[in-house]
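Worksheet for the structure shown next.
Protein chains: 2
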Amino acid sequence: MALEHAILVSLLEKPGSGYELARRFERSIGYFWTATHQQIYRVLKRMENDGWIDVRDVPQQGRPDKKEYSVADLGRAALSSWLQDPIEPESVRHDLAVKIRGAAFDDPTSLIREVERHRQAHRDRLAHYLAGEARDFTPEASTAGPDGPLDAERELQHVVLRGGIAYERMMIGWLDDVLATLARFGPAR
Amino acid sequence: MALEHAILVSLLEKPGSGYELARRFERSIGYFWTATHQQIYRVLKRMENDGWIDVRDVPQQGRPDKKEYSVADLGRAALSSWLQDPIEPESVRHDLAVKIRGAAFDDPTSLIREVERHRQAHRDRLAHYLAGEARDFTPEASTAGPDGPLDAERELQHVVLRGGIAYERMMIGWLDDVLATLARFGPAR
DNA sequence: GGTTGCTATGCAACGAGTTGCATAGCAGGA
DNA sequence: TCCTGCTATGCAACTCGTTGCATAGCAACC
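Chains as they are written, first to last, in the numbering used here: chain E, 12 to 200; chain U, 12 to 200.
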């Protein structure tokens, strides 16, 4: 499982609390990994017990105190070891594809609406990614203040984002294809 | 969860045993859903208890007997109801993307090999999909004997396969991009 | 005769992910 | 004042998926 490693990468890029991590997983990390706050808290606790990360209590004004986590030597070693380990190409699971093949045995009307809804969701995500790319990865943004990541770090974040963009574009094109196919064969039955 | 629904669709397309289902999940259904035989057997048992599917003992020559499952009325109704239910666009989980962003904090040499390995796996899968398309979805193959699926069924299977093809092509292109990025920034550090 | 390999089914244990709920401080608005 | 909403952390129960193992018949090969 890679959730703990995704957390390590995110904490290396910038230390933070469980809550902050959960928000990153809704945003930039969410381009390639999703996790709820319950999962994150549980894994953070385990990682702390294993000595992978250090905690620091941070009092705050106007909001509850937080625990700020940062990567310890053991965590860095664990990440390094995982990075060396080969992984299997992911296994695919597309509920929507199941539905599309299932549409041969049912009225496809509601499926058409569903596919249109998904296409819109992918368009929204694509727009969101493109906005993030324009904001963070244009040449002018490259001189990012003292908190800005290093060149290699930035470039790698960018190429992962480009992967998300390519994925969304591919999905939109395919869903267009699906809708055209449903239009040709749906009403004929 | 959609495993039970994927099984229903597969059994509607053609009745079969748990073992045969497991093999389909390694092949055509595997374009969009993966499952091991243990999962399949467990779910088949539950579906049988719920009256979604019927069983028939089929004695065989030269090999162990099998249980052939087919979809019952209750199962067809359950599938129909699920097809009407909206689903959320899938959440993404790419171990490889975690590794790529993690490469900023480690020696990227082994990652380059890994990415090349994945690119080859996607090329192999693409070739496999294209061979299947040429075999099953060329105009000449459309007059497919008495066992051949109906036109709508075939068209929907084809559009799902095209989705798999588009996905593999997108991945190969992106992994090329990743390798170019790693080549530019990996050695410089 | 023994080994390997394929068909065919299944159990048990574990690990990971989801869902619902609980707590608590503080801010802002009706 | 009460209600809503955001930050911040966490428990408990459940479902789902993975891994390792077991059984059993038969075929093919050395």
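Where is the CB? At the ideal position from N, CA and C, for every residue including glycine.
Spatial distance of residue i from residue j (CA atoms)
i         : j         : result
Tyr30(U)  : Gln168(E) : 43 Å
Trp93(E)  : His16(E)  : 8 Å
Gly27(E)  : Glu37(E)  : 15 Å
His14(U)  : Ala46(U)  : Looking at the sequence itself, residue 14(U) is Leu, so the reference to His does not match. Rounded to whole angstroms, Leu14(U) to Ala46(U) spans 8 Å at the Cα level.
Leu19(E)  : Ala83(U)  : 49 Å
Ile98(E)  : Gly73(E)  : 44 Å
Met12(E)  : Ser91(E)  : 15 Å
Ile183(E) : Ala132(U) : 24 Å
Gly86(E)  : Leu22(E)  : 10 Å
Pro150(E) : Phe196(U) : 17 Å
Pro230(E) : Arg34(E)  : For residue 230(E) there is no data in the structure shown, the boundaries of chain E being 12 and 200.
Ala145(E) : Arg180(E) : 17 Å
Ala89(U)  : Asp117(E) : 11 Å
Asp188(U) : Glu166(E) : 11 Å
Arg67(U)  : Ala108(U) : 46 Å
Leu32(E)  : Ser121(E) : 37 Å
His105(E) : Val103(U) : 11 Å
Arg200(E) : Leu190(E) : For Arg200(E), the predicted structure reports a pLDDT of 45, less than 50, and the residue's modelled location is therefore unreliable. A value from the coordinates is still provided. Answer to the nearest angstrom: the Cα atoms are 16 Å apart.
Asp96(U)  : Glu101(E) : 27 Å
Arg128(U) : Leu186(U) : 10 Å
Met58(U)  : Glu164(U) : 24 Å
Trp63(U)  : Leu193(E) : 27 Å
Val171(U) : Lys25(U)  : 17 Å
Pro157(U) : Phe148(E) : With a pLDDT of 49 at Pro157(U), under the threshold of 50, the predicted position of this residue should be treated as unreliable, though the coordinate-derived value follows. So the two alpha carbons sit approximately 57 Å from each other.
Tyr52(E)  : Pro75(E)  : 16 Å
Arg130(U) : Asp65(U)  : 42 Å
Leu141(U) : Glu125(U) : 24 Å
Which residues DSSP lists as bridging residue i, in chain order
i        : result
Glu24(E) : BP columns for Glu24(E) are empty, so no partner.
Glu79(U) : Arg67(U)
Arg34(E) : Bridge partners of Arg34(E): none, in fact.
Trp44(U) : Arg104(E)
query = In the stretch 103 to 122 of chain U, which residues sit with their C-beta less than 9 Å from some C-beta in chain E, listed in chain order?
reply = Considering only beta carbons, the part of the stretch 103 to 122 of chain U lying closer than 9 Å to chain E consists of Val103, Arg104, His105, Asp106, Leu107, Ala108, Val109, Lys110, Ile111, Arg112, Gly113, Ala114, Ala115, Phe116, Asp117, Asp118, Pro119, Ser121 and Leu122, in chain order.
message = Contact between the stretch 171 to 179 of chain E and the stretch 36 to 43 of chain E is defined here as three or more beta-carbon pairs at a separation below 8 Å; is this criterion met?
response = yes
task = Pair every Cβ in the stretch 110 to 117 of chain E with every Cβ in the stretch 130 to 146 of chain U, then say whether three or more of these pairs are closer than 8 Å.
result = Touching, no, given that fewer than three Cβ pairs across the two stretches are closer than 8 Å.
query = Given a limit of 7 Å on CB to CB distance, which residues of the stretch 178 to 198 of chain E reach chain U?
reply = Only Tyr178, Met181, Gly184, Trp185, Asp188, Val189, Thr192 and Phe196 from the stretch 178 to 198 of chain E bring a Cβ to less than 7 Å from some Cβ of chain U.
query = Hey, which unbroken runs of the alpha helix (DSSP H) at 4 residues or more fall wholly within the stretch 119 to 187 of chain E?
reply = 120 to 147
Members of the stretch 87 to 99 of chain U that neighbour chain E once the beta carbon cut-off is set at 7 Å = Leu90, Ser91, Leu94, Gln95, Pro97 and Ile98
key: Residues of the stretch 160 to 174 of chain E with Cβ closer than 9 Å to any Cβ of chain U, in chain order   = Pro160, Leu161, Asp162, Ala163, Glu164, Arg165, Glu166, Leu167, Gln168, His169, Val170, Val171, Arg173 and Gly174
ask   = According to a CB-to-CB cut-off of less than 9 Å, which residues of the stretch 121 to 139 of chain E neighbour chain U?
value = Ser121, Leu122, Arg124, Glu125, Arg128, His129, Ala132, His133 and Arg136
query = Any residues in the stretch 18 to 45 of chain E with a beta carbon nearer than 9 Å to a beta carbon of chain U? Which ones, in chain order?
reply = Within the stretch 18 to 45 of chain E, the qualifying residues are Leu19, Val20, Ser21, Leu23, Glu24, Ile40, Gly41, Tyr42, Phe43, Trp44 and Thr45.
message = What are the residues in the stretch 50 to 67 of chain E lying within 8 Å of chain U by C-beta distance?
response = none
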